[in-house]
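Written below as structure tokens is the structure these notes are about.
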Amino acid sequence: MQNLLHNLNPEQLAAVTLPAQSALILAGAGSGKTRVLTTRIAWLIQTGQVSPQGVLAVTFTNKAAKELLTRLSAMLPINTRGMWIGTFHGLCNRLLRAHHRDAGLPQTFQILDSGDQLSFIKRLLKANNIDDEKFPPKTLMYFINSAKDQGLRAAQVDAYDEFNRKLVGLYDLYDAQCQREGVVDFAELLLRTYELLSRNQPLREHYQARFKHILVDEFQDTNDLQYKWLKLMAGAGSSRGAAVFAVGDDDQSIYAFRGANVGNMSAFEREFEVQNLIKLEQNYRSHGHILDSANILIANNSKRLGKNLRTDAGHGEPVRVMEASSDIQEANWIIEEAKNLIREGLPRSEIAILYRSNAQSRVIEHALFSANIPYRVYGGQRFFERAEIKHAIAYLQLMDNLHNDSAFLRVVNFPTRGIGARSLEQLQDAAKQHACSLYAAVPYVGGKAGSSLAAFIKLIEGARFETQYLPLPEMVQIVIELSTLKTHYQTEKEGADRIENLDQLVNAASLFVSEEGFGKDAPALTGPASANTVLLENGDGNVIIDADAALPTVMSPLSAFLSHASLEAGDNQAQAGQDAMQLMTVHSAKGLEFDAVFITGLEEGLFPHENSAQEESGVEEERRLMYVAITRARQRLYLSFSQTRMLHGQTRYNMRSRFLEELPEESLKWLSPKIQPQWFGNKKSAWDDAPAVGANRIAQNFNQVADANAWRIGQGVAHPKFGEGVIVNIEGSGTNARAHINFGKFGMKLLDLSIAKLEKI
DNA sequence: CCTAACGCTCTTTTT
DNA sequence: GAGCGTTAGG
Numbered sequence: 001m002q003n004l005l006h007n008l009n010p011e012q013l014a015a016v017t018l019p020a021q022s023a024l025i026l027a028g029a030g031s032g033k034t035r036v037l038t039t040r041i042a043w044l045i046q047t048g049q050v051s052p053q054g055v056l057a058v059t060f061t062n063k064a065a066k067e068l069l070t071r072l073s074a075m076l077p078i079n080t081r082g083m084w085i086g087t088f089h090g091l092c093n094r095l096l097r098a099h100h101r102d103a104g105l106p107q108t109f110q111i112l113d114s115g116d117q118l119s120f121i122k123r124l125l126k127a128n129n130i131d132d133e134k135f136p137p138k139t140l141m142y143f144i145n146s147a148k149d150q151g152l153r154a155a156q157v158d159a160y161d162e163f164n165r166k167l168v169g170l171y172d173l174y175d176a177q178c179q180r181e182g183v184v185d186f187a188e189l190l191l192r193t194y195e196l197l198s199r200n201q202p203l204r205e206h207y208q209a210r211f212k213h214i215l216v217d218e219f220q221d222t223n224d225l226q227y228k229w230l231k232l233m234a235g236a237g238s239s240r241g242a243a244v245f246a247v248g249d250d251d252q253s254i255y256a257f258r259g260a261n262v263g264n265m266s267a268f269e270r271e272f273e274v275q276n277l278i279k280l281e282q283n284y285r286s287h288g289h290i291l292d293s294a295n296i297l298i299a300n301n302s303k304r305l306g307k308n309l310r311t312d313a314g315h316g317e318p319v320r321v322m323e324a325s326s327d328i329q330e331a332n333w334i335i336e337e338a339k340n341l342i343r344e345g346l347p348r349s350e351i352a353i354l355y356r357s358n359a360q361s362r363v364i365e366h367a368l369f370s371a372n373i374p375y376r377v378y379g380g381q382r383f384f385e386r387a388e389i390k391h392a393i394a395y396l397q398l399m400d401n402l403h404n405d406s407a408f409l410r411v412v413n414f415p416t417r418g419i420g421a422r423s424l425e426q427l428q429d430a431a432k433q434h435a436c437s438l439y440a441a442v443p444y445v446g447g448k449a450g451s452s453l454a455a456f457i458k459l460i461e462g463a464r465f466e467t468q469y470l471p472l473p474e475m476v477q478i479v480i481e482l483s484t485l486k487t488h489y490q491t492e493k494e495g496a497d498r499i500e501n502l503d504q505l506v507n508a509a510s511l512f513v514s515e516e517g518f519g520k521d522a523p524a525l526t527g528p529a530s531a532n533t534v535l536l537e538n539g540d541g542n543v544i545i546d547a548d549a550a551l552p553t554v555m556s557p558l559s560a561f562l563s564h565a566s567l568e569a570g571d572n573q574a575q576a577g578q579d580a581m582q583l584m585t586v587h588s589a590k591g592l593e594f595d596a597v598f599i600t601g602l603e604e605g606l607f608p609h610e611n612s613a614q615e616e617s618g619v620e621e622e623r624r625l626m627y628v629a630i631t632r633a634r635q636r637l638y639l640s641f642s643q644t645r646m647l648h649g650q651t652r653y654n655m656r657s658r659f660l661e662e663l664p665e666e667s668l669k670w671l672s673p674k675i676q677p678q679w680f681g682n683k684k685s686a687w688d689d690a691p692a693v694g695a696n697r698i699a700q701n702f703n704q705v706a707d708a709n710a711w712r713i714g715q716g717v718a719h720p721k722f723g724e725g726v727i728v729n730i731e732g733s734g735t736n737a738r739a740h741i742n743f744g745k746f747g748m749k750l751l752d753l754s755i756a757k758l759e760k761i
């Protein structure tokens with residue numbers, strides 16, 4: 001135990017050894033958050049305060065869960081199997097598998113990833129003759145997901161107008177169709193579990209009694225439903241409730257756009273009667289100038305719990321700032337600086353290039369490629385999202401659940417077997433008429449022996465029969481062959497990579513079987529009974545099976561593998577292993593750290609992003625994003641922006657980011673001359689002072705590119721409706737040019753210069 | 001029924 | 001500029 005607590009600083013020590021009460025740990029960037037979390041669990045177990053079975057630790061990503069588990073097994077000589085450590089979704093999946101009957105789900109229910117969900121919705125709209133111009137699939141998807149993320153069923157959503165009433169109706173239809181097909185989206189995993197536990201008292205009490213300590217990572221990222229879920233799981237309010245140990249950083253809350261609610265932190269303090277609030281403010285990562293920049297930047301945010309990072313490291317190098325004339329020049333500059341760093345002895349993998357949006361990576365990649373520097377881009381397509389893998393998985397899904405229409409439609413004519421749109425339309429009509437799945441509807445549409453559809457059914461049935469007693473990897477192998485996916489890609493000229501990936505899928509299945517404890521001889525389609533299964537009597541004399549840690553107790557290897565494929569989309573790293581520079585969005589950099597970091601594209605409209613600039617809360621989230629970006633750096637930090645940039649095939653002329661003005665002068669070193677733009681006189685908003693713009697360099701630069709008659713930044717204009725205003729920014733060129741114009745009391749407008757009736761004044 | 005050409009959109013992302 | 005979805009033609 002001595003060495004467990006060894007080397008913790010006083011705050012960390014205090015957090016790790018807190019009594020069994022709910023606690024909120026405000027853990028700043030680089031303050032040893034994961035260390036505290038793992039040591040806390042190890043300490044609780046080692047001191048006998050809790051058994052491994054009594055621990056529930058929740059994370060957001062599989063990566064974080066895995067890291068928790070590995071670091072924990074290094075600390076503790078015990079089997080970690082008894083502990084429940086996983087993502088919200090992974091844990092809910094386990095619960096729903098074990099209690100599928102109580103949750104009203106088929107045993108082989110399948111999980112829709114976001115791509116699946118979108119095509120599911122498109123299909124729903126088409127089947128119900130809904131105009132997808134008026135109700136775009138993405139809008140509906142967002143509507144449904146955010147309702148579920150708040151814990152609301154269709155009936156509970158407040159429909160305040162005609163449009164919303166329609167959306168609610170579609171939400172209801174959507175849920176019904178999911179139920180019919182035996183599929184569940186990500187948010188549903190949580191909502192279903194929440195409803196299951198709130199309705200089923202014996203079950204709820206069983207789990208509440210079991211988990212004495214609940215630990216939550218990245219608490220600032222929880223949404224409303226996850227918070228309610230935690231309250232239920234912990235038995236909040238009851239005297240025997242679990243101790244919830246929540247670790248988070250409100251300054252790193254960057255996922256509000258997908259439902260995360262930082263307000264959960266203060267709600268937690270209140271509702272869990274938190275007596276122990278501990279701030280971890282000692283930073284072990286960054287040099288002084290970098291940390292000062294982060295602290296001073298984030299101080300511009302109004303809604304904060306308040307926290308200031310400090311370091312014992314010296315000031316270190318100043319933060320270097322560069323203005324480039326174009327995005328291409330920006331990329332070339334980055335590469336020159338990176339070469340210097342590499343020459344100084346930095347490994348390439350310790351240099352990261354961050355950007356706000358993925359579209360920015362192309363120019364940088366091109367420059368790196370020309371310079372012959374190995375690099376790795378994060379955030380590309382994941383393994384399980386590749387088309388060929390999705391197809392193979394769909395065959396398996398269909399075999400596991402014949403009513404999964406999404407899977408049916410994906411592969412019924414792939415590879416092509418002469419089943420076209422017309423036959424499928426008929427089939428869909430028949431399915432609707434008989435209220436059954438597409439698979440079951442085949443006999444109704446002349447699925448006579450010999451027809452293409454009948455042949456397809458025969459294929460699926462044959463595959464089921466042939467593989468029913470085979471271990472999972474063989475099963476996958478055979479399905480890839482029988483489906484003719486392999487031969488299809490063999491005849492395709494670019495198919496070699498795809499075949500390689502299909503082989504990888506068989507490997508993934510083997511790996512999954514050995515890692516998740518599915519014996520190689522276990523039958524693939526039926527779940528084996530297990531000695532680990534815990535049986536309990538509930539009040540009605542019914543039996544509750546505790547969903548214990550090992551998946552084999554509650555589901556078949558195939559179902560488990562399919563869940564795995566949806567819940568863990570797999571690595572998206574290209575050529576791992578090589579010492580390569582790291583390219584990624586700021587979002588995906590969260591949780592990582594590097595010796596040297598480049599933050600690129602620091603321009604108004606890009607970072608902060610224009611879609612976030614409308615509301616103050618949007619700008620504050622962008623600022624937190626910038627804070628996350630800065631705090632990734634250990635020793636060197638470079639900031640860059642460009643006068644011109646190609647975006648969506650058009651040249652844009654952006655002002656430099658307001659965030660640059662918010663950094664401490666004394667920590668910065670400008671590598672290019674710093675031109676003082678007049679519109680940054682105050683810190684409210686970059687737009688506010690726009691009318692004061694006179695001749696400035698960006699405008700001049702714009703004039704060099706465009707012809708003399710063109711509109712220019714700073715030009716005063718008159719509009720028939722909005723009156724007098726001034727051009728603040730121009731994007732695009734020629735007939736596509738649009739301008740941000742500040743019309744004073746009418747506010748900022750974005751007008752098409754070739755359409756709007758504007759006069760120069 | 002299948003392929004090629006056009007036209008629209010377009011943050012951030014994990015599960 | 002690129003990827004997707006729709007439409008026109010083979």
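Using UniProt numbering, the letters of the first sequence correspond one by one to residues 1 to 761.
Glycine included, each C-beta is placed from N, C-alpha and C at the ideal position.
Between the Cα of residue i and those of the options, spot the shortest distance and give me the residue it belongs to.
i    : options                   : result
A508 : F383, I419 and I599       : F383
A565 : Q397, V411 and E593       : Q397
M322 : P347, A29 and S640        : S640
S31  : L56, D161, E365 and S286  : S286
D149 : N261, N79 and F120        : N261
K737 : S667, R652 and A74        : Strictly speaking, residue 737 in this sequence is Ala, with Lys absent from that position. Per the Cα distances, R652.
N129 : E218, I457, K432 and T467 : K432
A256 : R634, E344, E620 and L671 : E620
V554 : L8, A98, P77 and M75      : A98
H719 : A739, K757 and I727       : K757
V363 : H6, L69, S642 and S514    : S642
Does the separation of the CB atoms of residue i and residue j fall below 7 Å?
i    : j    : result
E181 : N413 : no
A243 : S22  : yes
L485 : A392 : yes
G379 : S588 : yes
L558 : H89  : no
W229 : L190 : yes
A421 : V445 : no
A154 : Y142 : no
Q635 : D595 : yes
F598 : I334 : yes
Kindly indicate which three-state DSSP category residue i falls into: helix, strand or coil?
i           : result
L753        : coil
M584        : strand
S31         : coil
S325        : strand
M555        : coil
I254        : coil
K279        : strand
V50         : coil
residue 807 : Since the displayed the chain opens at 1 and closes at 761, residue 807 lies outside it and no answer follows.
S437        : coil
D185        : strand
I419        : coil
S286        : coil
D400        : helix
Between residue i and residue j, which are expected to be in contact by the criterion C-beta below 8 Å, what is the C-beta distance as a whole number of angstroms?
i    : j    : result
V16  : T34  : Not quite, the Cβ-Cβ distance comes to about 12 Å (not below 8 Å), so this is no contact.
K669 : R320 : 5 Å
M581 : L354 : Not a contact, Cβ separation roughly 12 Å.
N300 : R623 : 6 Å
L602 : R656 : 6 Å
L4   : W43  : 6 Å
Any 3 or more C-beta pairs closer than 8 Å across the region 623 to 635 and the region 246 to 254: yes
Given 8 Å, three or more beta-carbon pairs between the region 299 to 314 and the region 45 to 60: As far as the Cβ criterion goes, the region 299 to 314 does not touch the region 45 to 60, which means the pair count is below three.
Stretch-stretch touch, CB-based, cutoff 8 Å, three pairs: the region 264 to 278 with the region 219 to 229: yes
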